[in-house]
Amino acid sequence: MTNFNWLLDGSIVGLYLLATMAAGLMVRKYVGKVEHFLVAGREMDVYLGIASLAATEFGIVTCMYTAQNGYEKGFAGATPGFLMALAMAVVGFTGFVINPLRDSGVMTIPELFEKKFGPRIRWAAGVVIVLGGLLNMGVFLRTGGQFLVLVAGLDVKYLEIMMTALLVGVAVYTILGGMLSVLVTDYMQFIVMSAGLIVVTILILMNVGWENLVTTVETHYGAGGFNPFINPTMGWQYVVFNLMLNTAAVLTWQTIIARVLSAKDTMTGRKVYTRTSFFFVCRFLIPGLWGIAALATLGPVANSLEAMPRYLSTAVPPGLMGLLVAAMLAADMSTDSSYMLTWGSVIYNDIMAPFRKKPWSEKRGLFWNRSIIAFIGVFLLFYGLWYPLKGDLWTYLGVTGTIYLASISVLLIACCYWRKANSWGAGAAILISAVLPISYLVMEQVPSTAAIAKSIGPYYSGIATYLLSGAAMVIGSLIKPNNDVRLKEGIA
Amino acid sequence: MPKHFFWWTATAACVLWYSTITIYVAIKGGSDIKHMLARLDATRIREDKEEHHT
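Line by line, the protein sequences are chains A and B.
Count the first sequence with this note's numbering and you get residues -2 to 489, in order.
Count the second sequence with this note's numbering and you get residues 11 to 64, in order.
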């Protein structure tokens, strides 16, 4: 049973979808160049940037894994949010890395690498970014569909249809309007999403009560439910891994960096970072509370990922249910559109760079960008359908994200601040940080090595990847000093 | 004082900050979109004129 009323709640959802699609399609007339399509002509201002960044970085998948963290780890599960907020605030305040990156005028991170490390590293970095990004995004659709099916009380057999419909809708306006459509729809989605998140949280706090939430965490997890360092499933290694992961994400995650690159100037990009930083605490704590409320109400369930939507399906009354579903659709659509566009931008700008010996016309460039987004959509549909997720969602996202976050963050810092860094070090760092997480993922899936993977654990494997990637950059660069350092303005 | 004051404060701060920033961004973000599209339009008209002259 669910409180979703098809007439009342369905109308709210339908109205939201109609308005979003209309807004997304309306701005397509402003897209005349590849620069408009990929970075909105670099005309984005602070508040639009805040709305867009917040909407992009909160999808149904985020809501699901942060609620799962709350359900399985208590309040301590919100730790990554605090770490990310800290990293975001420090980077925004100091301009570390993002200053030289935005000042260089590039459209993607690998484009900057070419100035320091040459075209091969640009291409390899592009491949790693797209590989890590698409593997990461591969689970978005299924998780989003799972949430909507459970909350709206649909039959599970409709999950694939829900996923496909969601993706096609998003792909249409992203393909036509690029970053401009993404920004405008993100703005609307931010408002709807935030209204839904705030109202549902207040409802939960009123219905379940603070005392009940705290007592539930104390009963199930003791002091470890409030302190990550003494939680048996977390510990210092969890905190250190998440600090590295979130700092690297703030510096290099293409969807986050796209806001800096689309900003009208460097200072605007920095302001977007500092003023959005606290949102990342909300991003983990608010759904975390929903997860704890699910634990308080339903008790232990077989699938912790499904606990929160199952709880919401009966806890949220009709009318508000429409707002909740619209909010989650908004969250998911903004994430999907931005992810498809930004990974597509790397494929076009960097992986396809060797095929553009002569500059392409704007028309041809736009055609290829749109085709790439359509291709990513098809890939996501198939990958999302067959990949069996094992372990918790946040850890899967962390491990797949590390494939590129470790090497690209090392390359970017070295590119901006270390004069001796060269293509040998860059190549070694890329290799190490791709091989280790992929090996871990494969070991986790193969029955004969699953036990070894479990004994190492994702946190130690992740920490090792970041450290070894940094070491590879230093050793590689010092072993073969570069005689052909391509010094450019703003790059070390 | 509520139990687990740190988490209580963090939760209250999230609800208050998020509510405030949503209203603020809803107002200011709309104006950002208007100006962004106006600038893009102006650039397009200027480039069209330049192309016409050459």
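For every residue, glycine included, the Cβ atom is placed at its ideal position computed from N, Cα and C.
| message | Does residue 261 (chain A) pass the burial test, meaning 16 or more other C-beta atoms within 10 Å, or should it be called exposed? | response | Against the first sequence, residue 261 (chain A) aligns to sequence position 264. Under this definition residue 261 (chain A) is a buried residue.
| field | Below-8 Å beta-carbon distance, residue 295 (chain A) vs any chain B residue | value | Along the first sequence, one-based indexing puts residue 295 (chain A) at 298. Any Cβ of chain B closer than 8 Å to the Cβ of residue 295 (chain A) would place that residue at the interface, and such an atom is absent.
| task | Output the distance between the C-alpha atoms of residue 487 (chain A) and residue 73 (chain A), rounded to the nearest integer angstrom. | result | Numbered from 1 along the first sequence, position 490 holds the residue referred to as residue 487 (chain A). Numbered from 1 along the first sequence, position 76 holds the residue referred to as residue 73 (chain A). Note on residue 487 (chain A): pLDDT 49, under 50, position unreliable in the model; no value is reported.
| message | Bridge partners for residue 260 (chain A) per DSSP, in chain order? | response | On the first sequence, position 263 is the one that residue 260 (chain A) refers to. Residue 260 (chain A) is bridged to A:41.
| Between which two residues does the alpha helix (DSSP H) carrying residue 285 (chain A) extend? | Locating residue 285 (chain A) in the first sequence gives position 288, counting from the first residue. Note, residue 285 (chain A): alpha helix (DSSP H), 276 to 295.
| query | residue 43 (chain B) touches chain A at which residues, Cβ-Cβ below 8 Å? | reply | Residue numbering aside, residue 43 (chain B) sits at position 33 when the second sequence is read from its first letter. Within chain A, the C-beta atoms nearer than 8 Å to that of residue 43 (chain B) come from 45, 180, 181 and 184, in chain order.
| task | Name, please, each residue of chain B whose Cβ falls closer than 9 Å to the Cβ of residue 198 (chain A). | result | Residue mapping note: residue 198 (chain A) aligns to position 201 of the first sequence, counting from 1. Per Cβ cutoff of 9 Å: 21, 24, 25 and 28.
| query | residue 281 (chain A) to residue 432 (chain A), Cα distance in whole Å? | reply | Within the first sequence, numbered from 1, the residue matching residue 281 (chain A) stands at position 284. Within the first sequence, numbered from 1, the residue matching residue 432 (chain A) stands at position 435. Their backbone Cα atoms lie some 29 Å apart in a straight line.
| request: Determine whether the Cβ of residue 192 (chain A) lies closer than 8 Å to any Cβ atom of chain B. | output: Taking the first sequence and counting its residues from 1, one reaches residue 192 (chain A) at position 195. Closer than 8 Å to some Cβ of chain B, the Cβ of residue 192 (chain A) qualifies, so yes.
| said: Can you tell me whether residue 3 (chain A) is buried or exposed? The criterion is at least 16 other CB atoms within 10 Å of its CB, across all chains shown. | reply: Locating residue 3 (chain A) in the first sequence gives position 6, counting from the first residue. By the 16-neighbour rule on beta-carbons within 10 angstroms, residue 3 (chain A) is exposed.
| For residue 215 (chain A), the first and last residue of its enclosing alpha helix (DSSP H) | Within the first sequence, residue 215 (chain A) is the residue found at index 218, counting from 1. The continuous alpha helix (DSSP H) containing residue 215 (chain A) extends over residues 207 to 218.
| message | Would residue 288 (chain A) and residue 304 (chain A) qualify as a contact pair, given that the criterion is a beta-carbon distance under 8 Å? | response | Along the first sequence, read from residue 1 onward, the residue named residue 288 (chain A) stands at position 291. Along the first sequence, read from residue 1 onward, the residue named residue 304 (chain A) stands at position 307. Cβ atoms of residue 288 (chain A) and residue 304 (chain A): closer than 8 Å.
| query | So which residues on chain B does residue 491 (chain A) lean against when the C-beta distance must stay under 8 Å? | reply | Since the first residue shown for chain A is -2 and the last is 489, residue 491 (chain A) is missing from the structure and cannot be characterised.
| Endpoints, alpha helix (DSSP H) assigned at residue 119 (chain A) | Indexing the first sequence from 1 puts residue 119 (chain A) at position 122. Where residue 119 (chain A) is concerned, the enclosing alpha helix (DSSP H) starts and stops at 116 to 134.
| task | Please name the residue, chosen from A:345, A:380 and A:352, that lies closest to residue 367 (chain A) on a Cα-to-Cα basis. | result | Counted from its first residue, the first sequence places residue 367 (chain A) at position 370. Taking the Cα of residue 367 (chain A) as reference, the smallest distance to any Cα among A:345, A:380 and A:352 is reached at A:345.
| Run through DSSP, which three-state label would residue 164 (chain A) get? | Along the first sequence, one-based indexing puts residue 164 (chain A) at 167. Here residue 164 (chain A) sits in helix by DSSP.
| query | In chain B, which residues lie with their C-beta within 9 Å of the C-beta of residue 283 (chain A)? | reply | Start at 1 with the first residue of the first sequence, and residue 283 (chain A) comes out as number 286. At a C-beta separation below 9 Å, residue 283 (chain A) has these neighbours in chain B: 21, 24, 25 and 28.
| field | Length of the line joining the Cα atoms of residue 271 (chain A) and residue 36 (chain A) | value | For this step, residue 271 (chain A) is matched to residue 274 along the first sequence. For this step, residue 36 (chain A) is matched to residue 39 along the first sequence. Rounded to whole angstroms, residue 271 (chain A) and residue 36 (chain A) show a C-alpha spacing of 20 Å.
| query | By Cβ distance below 7 Å, which residues in the same chain neighbour residue 259 (chain A) in space, the five residues on each side in sequence not counted? | reply | By one-based count along the first sequence, residue 259 (chain A) stands at place 262. Scanning its chain for C-beta atoms nearer than 7 Å, with the 5 sequence neighbours on each side dropped, one finds around residue 259 (chain A) the residues 36, 37, 39, 41 and 176, in chain order.
| Taking Cβ positions only, does residue 59 (chain B) come closer than 8 Å to chain A? | In the second sequence, counting from the first residue as 1, residue 59 (chain B) sits at position 49. At a cut-off of 8 Å between beta-carbon atoms, residue 59 (chain B) makes no contact with chain A.
| query | What distance in whole Å lies between the Cβ atoms of residue 141 (chain A) and residue 211 (chain A), which are believed to be in contact at a cut-off of 8 Å? | reply | For the purposes of this step, residue 211 (chain A) is identified with residue 214 of the first sequence, where counting begins at 1. For the purposes of this step, residue 141 (chain A) is identified with residue 144 of the first sequence, where counting begins at 1. Their Cβ separation, rounded to whole angstroms, is 30 Å, which puts residue 211 (chain A) and residue 141 (chain A) out of contact at 8 Å.
| query | So what does DSSP say about residue 101 (chain A), is it helix, strand or coil? | reply | As a position in the first sequence, residue 101 (chain A) is number 104, starting the count at 1. The three-state secondary structure of residue 101 (chain A), taken from DSSP, is coil.
| So what does DSSP say about residue 306 (chain A), is it helix, strand or coil? | For the purposes of this step, residue 306 (chain A) is taken as the residue at position 309 of the first sequence. Correct three-state label for residue 306 (chain A): helix.
| message | With a threshold of 8 Å between beta-carbons, can residue 14 (chain B) be considered close to chain A, or not? | response | In the second sequence, residue 14 (chain B) corresponds to position 4, counting from 1. Among the residues facing chain A, residue 14 (chain B) is included, as its CB has a counterpart in that chain under 8 Å away.
| Apart from the five residues on each side of it in sequence, which residues of its chain come closer than 6 Å, Cβ to Cβ, to residue -1 (chain A)? | Your numbering for residue -1 (chain A) matches position 2 in the first sequence. Cβ neighbours of residue -1 (chain A) within its own chain (closer than 6 Å, five residues either side excluded): 150 and 310.
| said: Taking 7 Å as the cut-off, is the beta-carbon of residue 226 (chain A) closer than that to any non-hydrogen atom of the ligand ADP? | reply: For the structure depicted, the ligand ADP is absent and the ligand set is empty, with no information on it obtainable.
| Spatial neighbours of residue 164 (chain A) in its chain, beta-carbon cut-off 8 Å, leaving aside the 5 residues before and after | Here the question's residue 164 (chain A) lines up with position 167 in the first sequence. Here the set comprises 138, 333, 374, 377 and 378.
| message | At the level of alpha carbons, what is the spacing between residue 404 (chain A) and residue 428 (chain A)? | response | Taking the first sequence and counting its residues from 1, one reaches residue 404 (chain A) at position 407. Taking the first sequence and counting its residues from 1, one reaches residue 428 (chain A) at position 431. If I take the Cα positions, the gap works out to 8 Å.
| task | For residue 195 (chain A), go through chain B and note every residue whose CB falls closer than 8 Å to its CB, in chain order. | result | Start at 1 with the first residue of the first sequence, and residue 195 (chain A) comes out as number 198. The answer, in chain order, is 25, 28, 29 and 32.
| task | Indicate whether at least one CB of chain B lies closer than 8 Å to the CB of residue 40 (chain A). | result | Within the first sequence, the letter at position 43 stands for residue 40 (chain A). So, interface residue.
| By the criterion of Cβ-Cβ separation under 8 Å, what are the contact partners of residue 60 (chain A) in chain B? | On the first sequence, position 63 is the one that residue 60 (chain A) refers to. Under the 8 Å cutoff, chain B gives no residues; its nearest Cβ is about 14 Å from residue 60 (chain A).
| request: Grab me the residues of residue 484 (chain A)'s own chain with a C-beta within less than 7 Å of its C-beta, minus the 5 sequence neighbours each way, in chain order. | output: Here residue 484 (chain A) refers to the residue found at position 487 when the first sequence is read from its first residue. For residue 484 (chain A), the pLDDT reaches just 46, beneath the cut-off of 50, and the residue's location in the model is therefore unreliable, leaving the point undetermined.
| Hey, is residue 63 (chain B)'s beta-carbon within less than 8 Å of any beta-carbon in chain A? | Translated into the one-based positions of the second sequence, residue 63 (chain B) becomes position 53. Not closer than 8 Å to any Cβ of chain A, the Cβ of residue 63 (chain B) fails to qualify, so no.
| query | If we call anything under 8 Å between Cβ atoms a contact, is residue 350 (chain A) one with residue 97 (chain A)? | reply | As a working mapping, residue 350 (chain A) is identified with position 353 in the first sequence. As a working mapping, residue 97 (chain A) is identified with position 100 in the first sequence. Going by C-beta atoms, residue 350 (chain A) is not nearer than 8 Å to residue 97 (chain A).
| Cβ pair residue 339 (chain A), residue 186 (chain A) closer than 8 Å | As a first step, residue 339 (chain A) is located in the first sequence; it is residue number 342 there, counting from the start. As a first step, residue 186 (chain A) is located in the first sequence; it is residue number 189 there, counting from the start. Contact flag unset, no.
| Which of helix, strand or coil DSSP assigns to residue 54 (chain A) | Translated into the one-based positions of the first sequence, residue 54 (chain A) becomes position 57. In the structure shown, residue 54 (chain A) sits in coil (DSSP, three-state: anything other than H, G, I, E or B).
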